[in-house]
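Following: one structure in structure tokens, then a few remarks.
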Amino acid sequence: MEGIILAAGQGKRMRPLTLETPKPLLHLHDRPLLEWSLYSLRGIVRRVLVVVHYLKEQIADFMAGQRVFADYALVEQLPAPLGTGHALRCCRPHLRSEDFLVINGDDLFPRAALLALSRAEYGILSMQRADYPRYGVIQLDDQGDFIGIDEKPPAGRYPSSAPCNIGAYKLQPSIFDCAPAPSVRGEVELTDMVTAIARTQRVELVESSWWLPIGDPQALAAAQSVDVKRNMVAL
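Take the sequence shown: its position 129, counting from 1, is numbered 200 in the numbering used here, and each next residue is one higher.
Take a look at the structure:
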């Protein structure tokens, strides 16, 4: 099994911190965010693909010096970052395995949750959130099976909390047969691809006990007081 880390974006919400440093290399405690992601995948996948574009040379230098994964590849998102689904499609020629985990490069997950996710054929990591209007709420049918994602719904649409998509997926090559229309932003969204594959494949919902999204400088500053090692992975 392989792991894909989506790390190509410009990190616009993280400015000015990302004017000269790519978001994956911003530090949380004593390590870059990208290194935390690598540690979360260690022992679950044998090889990692890191999708890059913005300030890619810095990420290439970091990956050349890291000691978590000897077997890795950098995949440049060309001609530009055109959505998370487009990033995944760029990885297709570089994949060697029949299944793979995909994680957002600015979200940190506990290793136990990623391990559970890796056992699904198709899966999506979720967490109950009271602040669900900030995220995508996972929609289920009457049998409790995944059918789609309601992106950033208004407050009051769901009860006090709702299961949210937190940015980690277990996928197989048939995902590449899905060709959803571009979103209103003109991008190919991975969430739309997962929704499309759910019409023919069961997508398992895997609950996570912890999740640390880092979307802006305030979130990064607040995360410095979080015991990430205890919540995420034993180094």
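Glycine included, each C-beta is placed from N, C-alpha and C at the ideal position.
Taking the DSSP output, what are the residues bridged to Arg205?
Translated into positions along the sequence shown, residue 205 becomes position 134. In DSSP, Arg205 forms no bridge with anything.
Is Met198 helix, strand or coil by DSSP?
Working through the sequence shown from its first residue, we reach residue 198 at position 127. Here Met198 sits in strand by DSSP.
List the endpoints of the continuous alpha helix (DSSP H) containing Lys127.
Counted from its first residue, the sequence shown places residue 127 at position 56. Unbroken alpha helix (DSSP H) run through Lys127: 127 to 136.
Cut-off 8 Å between Cβ atoms - residues of its own chain near Pro251, not counting five sequence neighbours on either side
What you label residue 251 is simply residue 180 of the sequence shown in a count that begins at 1. Result list for Pro251: Gly156, Val259, Glu260, Asp263, Met264, Thr266, Ala267, in chain order.
Quick check: the stretch 156 to 170 against the stretch 237 to 250, are at least 3 beta-carbon pairs closer than 8 Å?
yes
Here's the rule I'm using: 16 or more other beta-carbon atoms within 10 Å means buried, otherwise exposed. How should Asp213 be labelled?
If you number the sequence shown from 1, residue 213 lands on position 142. With fewer than 16 Cβ atoms within 10 Å of its Cβ, Asp213 is classed as exposed.
Could you round the C-beta distance between Val118 and Glu147 to whole angstroms and report it? I think they count as a contact, below 8 Å.
What you label residue 118 is simply residue 47 of the sequence shown in a count that begins at 1. What you label residue 147 is simply residue 76 of the sequence shown in a count that begins at 1. Per the sequence shown, residue 118 should be read as Arg rather than Val. The pair is not a contact, with the Cβ atoms about 17 Å apart (cut-off 8 Å).
Just to confirm before moving on: does the CB-CB distance between Leu120 and Trp107 stay below 9 Å?
For the purposes of this step, residue 120 is taken as residue 49 along the sequence shown, with counting starting at 1. For the purposes of this step, residue 107 is taken as residue 36 along the sequence shown, with counting starting at 1. Against a cut-off of 9 Å, the Cβ pair of Trp107 and Leu120 comes out as no contact.
Please report the residue range of the beta strand (DSSP E) in which Leu172 lies.
Translated into positions along the sequence shown, residue 172 becomes position 101. Per DSSP, Leu172 belongs to the beta strand (DSSP E) from 171 to 175.
Can you give me the start and stop residues for the beta strand (DSSP E) that Tyr240 sits inside?
Position 169 of the sequence shown, counting from 1, holds the residue named residue 240. First-last of the beta strand (DSSP E) with Tyr240: 233 to 242.
Start and end of the alpha helix (DSSP H) containing Asp268?
On the sequence shown, position 197 is the one that residue 268 refers to. Just to set this straight, residue 268 is Ile in the shown sequence, not Asp. Counting along the chain, the alpha helix (DSSP H) containing Ile268 begins and ends at 261 to 268.
Are Val208 and Asn175 closer than 9 Å when you measure CB to CB?
The residue you call residue 208 lines up with position 137 of the sequence shown. The residue you call residue 175 lines up with position 104 of the sequence shown. Going by C-beta atoms, Val208 is not nearer than 9 Å to Asn175.
Measuring CA to CA, which of Pro181, Arg270, Ala144, Asp178 is closest to Arg163?
As a working mapping, residue 163 is identified with position 92 in the sequence shown. Considering only alpha carbons, the answer is Ala144.
Are the CB atoms of Ala79 and Val123 within a distance shorter than 9 Å?
Taking the first residue of the sequence shown as 1, we reach residue 123 at position 52. Taking the first residue of the sequence shown as 1, we reach residue 79 at position 8. Closer than 9 Å, so yes.
Asp248 - DSSP class collapsed to helix/strand/coil
The count along the sequence shown starts at 1 and reaches residue 248 at position 177. It is helical.
Going by beta carbon distance, what residues of the same chain come within less than 6 Å of Arg160, once the five residues before and after it are set aside?
For the purposes of this step, residue 160 is taken as residue 89 along the sequence shown, with counting starting at 1. There are no such residues.
Ser279 and Ala184 look like a contact to me (Cβ under 8 Å); what is the Cβ gap, rounded to whole Å?
If you number the sequence shown from 1, residue 279 lands on position 208. If you number the sequence shown from 1, residue 184 lands on position 113. That belief holds up - the Cβ atoms of Ser279 and Ala184 are roughly 4 Å apart, short of 8 Å.
In three-state DSSP terms, what is Arg160?
For the purposes of this step, residue 160 is identified with residue 89 of the sequence shown, where counting begins at 1. Reduced to three states, the DSSP call for Arg160 is helix.
Just verifying my parser: in three-state terms, what is the DSSP assignment at Pro95?
Reading the sequence shown from its first residue, position 24 is the one you call residue 95. DSSP places Pro95 in helix when its eight states are reduced to three.
Arg301 versus Gln137: straight-line alpha-carbon distance, rounded:
For the purposes of this step, residue 301 is identified with residue 230 of the sequence shown, where counting begins at 1. For the purposes of this step, residue 137 is identified with residue 66 of the sequence shown, where counting begins at 1. Roughly 22 Å between the two C-alpha positions.
Using the beta-carbon count (16 or more within 10 Å), is Ala239 buried or exposed?
Translated into positions along the sequence shown, residue 239 becomes position 168. So Ala239 ends up on the buried side.
If I measure Cβ to Cβ from Gln210 and keep anything under 8 Å in the same chain, skipping five residues before and after, which residues do I get?
As a first step, residue 210 is located in the sequence shown; it is residue number 139 there, counting from the start. Within the same chain, Gln210 has close Cβ partners Phe217, Ile218, Gly219, Ile220, Asp221.
What's the gap between the Cα of Asp132 and the Cα of Leu166?
For this step, residue 132 is matched to residue 61 along the sequence shown. For this step, residue 166 is matched to residue 95 along the sequence shown. The alpha-carbon atoms of Asp132 and Leu166 are separated by roughly 22 Å.
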